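I have placed the structure first, in the form of structure tokens, so that the comments after it can refer back to it.
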Amino acid sequence: MHLLRPLHGRDGGTLPQLRRRIAHKAAAQDVNYRHAFHAGNFADVVKHVALVAILLHLRKKDKPFRVIDTHAGRGLYDLQSEAAARTGEAAGGIARLEDLSGAPPALAAYLDIVRWAGAGRYPGSPLIAAKLLREQDKLIAIERHADDEKALASALARFGNAKSFCADGYQRLSALLPPPERRGLVLIDPPYEAADEFVRLGEALAAARKRFATGIYLVWYPIKSVAASDALSGEVLADGPENVLRITIDVGREAEGEKDRLSAAGVLVINPPYGFAEEMRAAAGVLGPRLGRNASAEISIADL
Ligand SMILES: C[S@@+](CC[C@H](N)C(=O)[O-])C[C@H]1O[C@@H](n2cnc3c(N)ncnc32)[C@H](O)[C@@H]1O
Numbered sequence: 000m001h002l003l004r005p006l007h008g009r010d011g012g013t014l015p016q017l018r019r020r021i022a023h024k025a026a027a028q029d030v031n032y033r034h035a036f037h038a039g040n041f042a043d044v045v046k047h048v049a050l051v052a053i054l055l056h057l058r059k060k061d062k063p064f065r066v067i068d069t070h071a072g073r074g075l076y077d078l079q080s081e082a083a084a085r086t087g088e089a090a091g092g093i094a095r096l097e098d099l100s101g102a103p104p105a106l107a108a109y110l111d112i113v114r115w116a117g118a119g120r121y122p123g124s125p126l127i128a129a130k131l132l133r134e135q136d137k138l139i140a141i142e143r144h145a146d147d148e149k150a151l152a153s154a155l156a157r158f159g160n161a162k163s164f165c166a167d168g169y170q171r172l173s174a175l176l177p178p179p180e181r182r183g184l185v186l187i188d189p190p191y192e193a194a195d196e197f198v199r200l201g202e203a204l205a206a207a208r209k210r211f212a213t214g215i216y217l218v219w220y221p222i223k224s225v226a227a228s229d230a231l232s233g234e235v236l237a238d239g240p241e242n243v244l245r246i247t248i249d250v251g252r253e254a255e256g257e258k259d260r261l262s263a264a265g266v267l268v269i270n271p272p273y274g275f276a277e278e279m280r281a282a283a284g285v286l287g288p289r290l291g292r293n294a295s296a297e298i299s300i301a302d303l
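Mapped onto numbering that gives the first Met the number 0, the consecutive letters of the sequence shown carry residue numbers 0 to 303.
Spelled out as structure tokens, the structure:
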């Protein structure tokens with residue numbers, strides 16, 4: 000039995016009513032988050048290595064697969080842009096891996112794709128996925144911010160089997176499931192700027208799993224506190240998926256007086272492919288010592 004469960008409402012309404020009220024209020028909010036400020040940071044590295052490991056697994060069989068990226072971003076980021084320079088986050092992430100060679104397979108394949116994107120650029124999840132599609136596979140990438148979706152469409156233009164849409168990824172997801180191929184990955188990587196993001200995510204995931212229970216789901220989340228991180232895990236576990244792997248990375252806090260940046264993040268993988276945890280452990284052995292701020296980063300990989 001899972002120990003982590005969603006938080007309970009305290010305003011007299013039932014939990015589902017409370018959740019729906021918060022969700023509808025927040026659905027109307029605009030998107031402020033821009034991934035350009037964070038592209039290539041330590042959290043992107045772990046998320047994208049996990050994405051590559053899953054896609055390499057799906058490629059082992061000839062049968063086609065589909066990737067659905069519900070919060071896709073721009074697809075390609077300029078690490079010299081004003082946004083990237085302002086935070087300098089890639090310096091604590093992908094920049095620390097530039098000289099790496101002889102890495103374990105998933106990490107090596109990820110680095111190949113980053114190098115393919117070109118010097119000073121960083122590929123986002125939809126571009127990484129597109130690069131790993133075979134002729135028979137498909138990618139649907141959804142991005143709600145109109146400018147970012149325009150950039151995304153242009154980044155994906157050369158891939159005939161990848162399509163982007165400007166829409167709400169949560170709303171669109173159910174209609175896309177089950178995929179005609181009946182195998183594939185759903186990546187859910189929201190900005191977590193709305194107070195109810197965990198709730199919306201939990202509801203969207205439960206609805207998606209009703210239609211596509213055998214799919215692989217990769218959910219990214221920031222860790223700002225243990226309680227919030229457990230609440231997110233609780234939302235994901237609420238409809239009772241049996242097979243969930245949690246990977247977390249903690250790079251250590253900034254020195255006193257420096258900017259208070261995100262220092263820990265995680266991914267939850269529902270229905271992780273066979274051998275995925277071991278591949279991620281091998282990658283973690285290389286990433287931990289390189290991504291830590293003060294000492295080695297702590298990377299934990301465990302079944303929930
Ligand atoms: C964390 S970023 C995505 C990063 C991307 N998945 C990657 O790994 O390269 C989150 C993105 O979701 C977009 N977004 C926010 N709310 C959304 C929604 N309801 N539906 C689709 N996209 C949304 C934001 O504009 C932002 O580009």
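C-beta: ideal position from N, C-alpha, C; glycine also.
None of these values were measured; they are calculated from a predicted model.
Among the residues of its own chain, which have a CB less than 8 Å from the CB of Leu75, if the five just before and after it don't count?
Ala116, Arg120, Tyr121, Pro122, Gly123, Leu126, Ala150, Ala154
Identify, in the order they occur along the chain, each residue of the same chain with its Cβ nearer than 6 Å to the Cβ of Leu57, setting aside the five sequence neighbours on each side.
Phe64
Going by other Cβ atoms of all chains shown within 10 Å of its Cβ, with 16 needed for buried, is Ser299 buried or exposed?
exposed
If you follow the beta strand (DSSP E) that Ser299 is in, where does it begin and where does it stop?
297-302
Quick one: what's got a C-beta closer than 8 Å to Pro179's C-beta in the same chain, skipping five residues either side?
Arg65
Any idea if Val310 is buried or exposed, counting beta-carbon neighbours within 10 angstroms, 16 or more meaning buried?
There is no way to answer for residue 310, as the model of the chain reaches only from 0 to 303.
Arg143 Cβ short of 6 Å to ligand 1 heavy atom set:
yes
Residues near Asp167 in its chain [Cβ-Cβ closer than 6 Å; skip 5 each side]
Arg143
Leaving out five residues before and five after Phe197 in sequence, what residues of the same chain have Cβ atoms less than 7 Å from its Cβ?
Ala230, Leu231, Glu234
By a C-beta neighbour count over all protein chains shown, 10 Å radius and 16 as the cutoff for buried, is Lys46 buried or exposed?
buried
Would you call Asn270 buried or exposed, if buried means 16 or more other Cβ atoms sit within 10 Å of its Cβ?
buried
Mind reading off the beta-carbon distance from Ala82 to Phe36? Whole number of angstroms is fine, and I expect it under 8 Å.
5 Å
Which one of Lys60, Pro104, Pro189 has the shortest CA to CA distance from Ala49?
Pro104
Are there 16 or more other CB atoms within 10 angstroms of the CB of Lys137, so buried, or fewer, so exposed?
buried
Alpha carbon of Lys209 to alpha carbon of Ala89, nearest angstrom:
37 Å
Comparing C-alpha positions only, which one of Ser163, Thr86, Leu106 sits nearest to Glu148?
Ser163
Cβ-based burial, Gly309 [other Cβ within 10 Å; buried from 16]:
For residue 309 there is no data in the structure shown, the boundaries of the chain being 0 and 303.
Lys46 - DSSP class collapsed to helix/strand/coil:
helix
Consider the C-beta atom of Gly39 and the heavy atoms of ligand 1; say whether any pair is separated by less than 6 Å.
no
Contacting residues, own chain, Cβ-Cβ under 6 Å from Ala263 (five flanking each side not counted):
Ile222, Asp249
Going along the chain, which unbroken runs of the beta strand (DSSP E) with 3 or more residues stay wholly within the region 104-166?
120-122, 137-142, 161-165
Would Leu303 pass as a contact of Arg245 if the rule is Cβ separation under 7 Å?
yes
Among residues of its own chain, excluding the 5 on either side of Ala25, which ones have a beta-carbon nearer than 8 Å to its beta-carbon?
Note that Ala25 scores 44 on pLDDT, short of 50, meaning its location in the model is unreliable and no value can be drawn from it.
Is it the case that the CB of Pro221 approaches a heavy atom of ligand 1 more closely than 6 Å?
no
Give the range of the alpha helix (DSSP H) segment to which Val250 is assigned.
That residue, Val250, is in no alpha helix (DSSP H); it is neither H nor E in DSSP.
Three-state secondary structure (DSSP) at Asp77?
strand
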